[in-house]
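Asker:
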Amino acid sequence: METRSAKRKKYWLEGENGIDRISDLPDVVLHQILFHLPIKSIAQTSVLSKRWRSLWISFPDLDFTSINPIGVASTNAPNTKPSIKNKRLLLCPHSFSVKRLDFISQVLALRDKQSDLRILRFRAPLSFSRLNGLIRLAVRQNVQELDVEVATDDYFNFPRSVLTSESLRVFKLRSRYPGFRLLPPSVMKRGFQSLHTLSLSLVILYDQPTLSDLFTDSSFPRLKKLNLDACFGLKQLKVSCLALEEFTLENCFQLHGLDVSGAKLKTLQVASCFDAYCDKSWVKINAPSLRVMVWEYNAITENSSLENLVSAHEASIGFFVLNEDFSVTKIRSVSNLLSALSRLHTLTLEGQCVEVLSSRNYIANLMHPFDQLKSLELQTGFNKHNLPGLAYLFKCSPALHTLILKILNDYKIERRKWNKDLWDIPSSEEQFWESQSQALKPLLNNLSVVKIHGFLECENEVSLAKFLLKHGKALQEMTFFSGHCNYRDSLRRQKIRSQMMGFSRASSNAKIEFL
Numbered sequence: 001m002e003t004r005s006a007k008r009k010k011y012w013l014e015g016e017n018g019i020d021r022i023s024d025l026p027d028v029v030l031h032q033i034l035f036h037l038p039i040k041s042i043a044q045t046s047v048l049s050k051r052w053r054s055l056w057i058s059f060p061d062l063d064f065t066s067i068n069p070i071g072v073a074s075t076n077a078p079n080t081k082p083s084i085k086n087k088r089l090l091l092c093p094h095s096f097s098v099k100r101l102d103f104i105s106q107v108l109a110l111r112d113k114q115s116d117l118r119i120l121r122f123r124a125p126l127s128f129s130r131l132n133g134l135i136r137l138a139v140r141q142n143v144q145e146l147d148v149e150v151a152t153d154d155y156f157n158f159p160r161s162v163l164t165s166e167s168l169r170v171f172k173l174r175s176r177y178p179g180f181r182l183l184p185p186s187v188m189k190r191g192f193q194s195l196h197t198l199s200l201s202l203v204i205l206y207d208q209p210t211l212s213d214l215f216t217d218s219s220f221p222r223l224k225k226l227n228l229d230a231c232f233g234l235k236q237l238k239v240s241c242l243a244l245e246e247f248t249l250e251n252c253f254q255l256h257g258l259d260v261s262g263a264k265l266k267t268l269q270v271a272s273c274f275d276a277y278c279d280k281s282w283v284k285i286n287a288p289s290l291r292v293m294v295w296e297y298n299a300i301t302e303n304s305s306l307e308n309l310v311s312a313h314e315a316s317i318g319f320f321v322l323n324e325d326f327s328v329t330k331i332r333s334v335s336n337l338l339s340a341l342s343r344l345h346t347l348t349l350e351g352q353c354v355e356v357l358s359s360r361n362y363i364a365n366l367m368h369p370f371d372q373l374k375s376l377e378l379q380t381g382f383n384k385h386n387l388p389g390l391a392y393l394f395k396c397s398p399a400l401h402t403l404i405l406k407i408l409n410d411y412k413i414e415r416r417k418w419n420k421d422l423w424d425i426p427s428s429e430e431q432f433w434e435s436q437s438q439a440l441k442p443l444l445n446n447l448s449v450v451k452i453h454g455f456l457e458c459e460n461e462v463s464l465a466k467f468l469l470k471h472g473k474a475l476q477e478m479t480f481f482s483g484h485c486n487y488r489d490s491l492r493r494q495k496i497r498s499q500m501m502g503f504s505r506a507s508s509n510a511k512i513e514f515l
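First residue of the sequence shown: 1, per the UniProt record's numbering; consecutive thereafter.
#1: Residues in the same chain with beta-carbon distance under 6 Å from valine 449, minus the five sequence neighbours each way, listed in chain order, please.
#2: Leaving out five residues on either side along the sequence, give the residues of the same chain with a beta carbon under 6 Å from the beta carbon of threonine 197.
#3: Spatial neighbours of valine 72 within its chain, please: C-beta separation below 6 Å, excluding the five flanking residues on both sides.
#4: Rank Pro209, Ser167 and Pro442 by C-alpha distance to the C-alpha of leucine 117 and give the top, closest one.
#5: Quick one: is arginine 190 buried, meaning 16 or more other Cβ sit within 10 Å of its Cβ, or exposed?
#6: Check the DSSP bridge columns for tryptophan 282 and list the partner residues they point to.
#7: Spatial neighbours of arginine 121 within its chain, please: CB distance less than 6 Å, with the 5 preceding and 5 following residues excluded, ordered by chain position.
#8: Counting C-beta neighbours from all protein chains within 10 Å, is the total for leucine 475 16 or more, i.e. buried, or is it exposed?
#9: Look up asparagine 336 in the DSSP assignment and say whether it is helix, strand or coil.
#10: Taking isoleucine 39 as the reference, give the member of Leu223, Glu246, Leu55 and Gln114 with the closest Cα.
#11: DSSP state of histidine 453, grouped into three classes?
#12: Can you give the Cα-Cα distance for glutamine 193 and lysine 284, rounded to whole angstroms?
#13: Is the Cβ-Cβ distance between serine 333 and serine 304 less than 8 Å?
#14: Classify proline 398: buried if its beta carbon has 16 or more other beta carbons within 10 angstroms, exposed otherwise.
#15: Compute the distance between the beta-carbons of serine 175 and valine 139, then report whether it is under 8 Å.
#16: Beta-carbon separation of tryptophan 295 and isoleucine 317 under 8 Å?
#17: Give me the DSSP bridge partner(s) of lysine 225.
#18: Got a sec? Which residues, its chain only, sit under 6 Å from leucine 108 by beta carbon, not counting five neighbours each side?
#19: Compare the beta carbon distance of alanine 299 and leucine 341 with 8 Å and say whether it is the shorter of the two.
#20: From leucine 443 to leucine 400, what does the alpha carbon distance come to, in whole angstroms?
#21: What residues match up with glutamate 350 in a beta bridge as DSSP calls it?
#22: Using a Cβ-Cβ cut-off of 6 Å (strictly less than) and excluding sequence neighbours within five positions of valine 310, which residues of its own chain qualify?
#23: Using three-state DSSP, classify methionine 500 as helix, strand or coil.
#24: Just to confirm, are leucine 205 and leucine 234 a CB contact at a threshold of 8 Å?
#25: When you compare the CB positions of valine 356 and threonine 380, do they come within less than 8 Å of one another, or not?
#26: Taking just the CA atoms, how far does asparagine 460 sit from lysine 384?
#27: Apart from the five residues on each side of it in sequence, which residues of its chain come closer than 6 Å, Cβ to Cβ, to glutamate 145?
#28: Classify asparagine 509 as buried or exposed, calling it buried when 16 or more other Cβ atoms lie within 10 Å of its own Cβ.
#29: Counting only beta-carbon atoms, is serine 333 nearer than 8 Å to chain D?
#30: If contacts are defined as beta-carbon pairs under 8 Å, then cysteine 252 and cysteine 231 qualify, I think. What distance do you get, rounded to the angstrom?
#31: Taking Cβ positions, are phenylalanine 481 and histidine 453 nearer each other than 8 Å?
#32: By how many angstroms is the C-alpha of leucine 200 removed from the C-alpha of lysine 417?
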């Protein structure tokens, strides 16, 4: 009698008409179908028939991240050639314990030697020797994309076998703990001739604090994407790969100097970098094709030199300022950076940018105007000390169409002050904005959309809203996103909103909405 399991297999393959049409499909089609299944499910199909076993051992995209995550213990047993019994176990991975057998090594060892490996991904806690063994197996099978995340008992060296691979196009190595060291520059520079994507995370560079001649065109002639994260000990970095299009640098807190140049570089992201205590830090960027720049939570460098950013279209800029260190030198550095981005169409400023521009050390007219800027997003604490910086940014954005203000939670305590005469007697903030009406005339003639997030109907934000409603000639829409607060005076809040609506009808045709 046919078992229930056998009936299911037969129905899966042959359907209601008893004809196996799926198995007749080309390998490339079936591989594409299997690609969307978990690795264990793919392995299980190998018990259906010889045809499906052949598909399994030639499957080019091996993603083990679902069955061997970080935190699951793995064996440190030496690499062994799979026995006949183990081969059978591999056809149904549920029948053996991943903790006792190295499923990844077994699968790689059993693969069809005539079938190249396109993708290998895995996450596992293992020893350096085990890691090297897995990577060597993958390189022998001409792997094209290698994505590895590991946790080891001790520091380990960058896998040397990767350097000799002629097939490898994408290499991603992330260390959870404690990190890995690069090989000597003379060795590193001999490889990577075919690589177009490189991502390294948690690199220990105390013995190599300066990387000025590694990421060059001769070492990486085809590199298009480079991602470096948590490079401990790195103090100076130079990247000058001519083919590079995307570069990301994150969490390099000890960095003193950064030099990036590339004729094809389109996207640059630098976040949480630079030593805030270094008094000689610097950054130099030369990228005529750069379209998008993200510069967030970085310590302000003493010197900023950005050249040829003629194609820059969108940027997000923010700084980490230690003890409100707004020295003239650092303020000039911020101005130089922003001036180099004067051709932007979309700009987001966060992380104390407005505070820097509001500093008493700031030199007027130091920054070039954003003549082409259409959208400006400001993330800041909305208090009276920041009004000069806001006004200066508005003055530098004469063609602005959309203004988005995101008021940070950290500053809301300062703003919880109600003004009983808010609508009868002009406040000092309102008087300030009125004094800027002539200087801001170009902005007021173009500004169409205003969105204010974290709106608490307090003096500072109400004064700005009233000013824009009163003088905004092109204003069509103003939206307030109310922040959360502890006030129970809902009647007063509703009254202010009603007065705001009435003020809009009297001064402009803008549509006002509270959300």
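C-beta: ideal position from N, C-alpha, C; glycine also.
Fair warning: this is a prediction, and the values are worked out from it, not measured in the lab.
Answerer: To lay it out plainly:
#1: Thr402 and Glu477
#2: Val170 and Lys225
#3: Legend: pLDDT at valine 72 = 44, less than 50; position of this residue unreliable, value from coordinates given subsequently. Excluding positions up to five away in sequence, the list is empty.
#4: Ser167
#5: exposed
#6: Gly257 and Asn303
#7: Asp63, Thr65 and Asp147
#8: buried
#9: helix
#10: Leu55
#11: strand
#12: 26 Å
#13: yes
#14: buried
#15: no
#16: yes
#17: Thr197 and Glu246
#18: Leu137
#19: no
#20: 6 Å
#21: Gly318
#22: Pro288
#23: helix
#24: yes
#25: no
#26: 7 Å
#27: Ile119 and Val170
#28: exposed
#29: In the structure shown, chain D cannot be found, because there is only a single protein chain.
#30: 5 Å
#31: yes
#32: With a pLDDT of 49 at lysine 417, under the threshold of 50, the modelled position of this residue cannot be trusted; read the value that follows with caution. The straight-line gap from Cα to Cα measures roughly 49 Å.
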